[in-house]
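Trainee:
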Amino acid sequence: MSDPPAPDVVIALEIDDPALADRLATLLGGVAGLRLAAPGEQAAAALVARGKEVGAGGEFELTPRELDVLALLAEGASNKMIAQRLGISVHTAKFHVGSLLDKLDATGRTDAVAHAARRGVINL
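Each residue of the sequence shown is one higher than the one before, starting from 226 at the first, in our numbering.
(1) Run through DSSP, which three-state label would residue 236 get?
(2) Taking buried to mean at least 16 other C-beta atoms within 10 Å of its own C-beta, is residue 244 buried or exposed?
(3) With a Cβ-Cβ cutoff of 8 Å, do residue 338 and residue 302 count as a contact?
(4) Between the alpha carbons of residue 258 and residue 231, how many angstroms are there, rounded?
(5) Among the residues of its own chain, which have a CB less than 6 Å from the CB of residue 270, if the five just before and after it don't count?
Here's what the structure looks like:
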């Protein structure tokens with residue numbers, strides 16, 4: 226006799242940008258074992274959009290797209306994978322990675338993720 230399936234992980238979206246919220250809802254809606262919270266329902270986790278630009282003490286500012294790229298870098302994504310996931314060209318993905326390296330004063334992709342984590346831009 227098999228065990229019953231594990232309950233779905235419930236995630237709330239707290240995003241002011243309706244287009245981004247719809248895009249994320251569409252992407253997350255197809256993930257097995259995950260369910261978006263209904264309005265007012267308590268969730269196990271929340272995706273929260275930050276303001277238009279994120280910085281740390283004025284040292285640097287990251288655009289929302291750069292934050293998307295940084296999150297994918299933290300997952301170990303290649304430029305090609307970043308391009309596919311974000312619906313951009315490989316050239317554009319490479320540009321964003323380069324911009325992140327410059328802004329974070331990083332020597333490479335792993336260093337960029339480490340700098341961002343230390344500065345509280347991303348949580349690992």
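No residue lacks a Cβ here, since even glycine has one placed at the ideal position from N, Cα and C.
Mentor: Taking the coordinates as given:
(1) Strand, per DSSP.
(2) Label assigned to residue 244: exposed.
(3) The answer is no: Cβ separation not under 8 Å.
(4) Approximately 8 Å, taken between the alpha carbons.
(5) 236.
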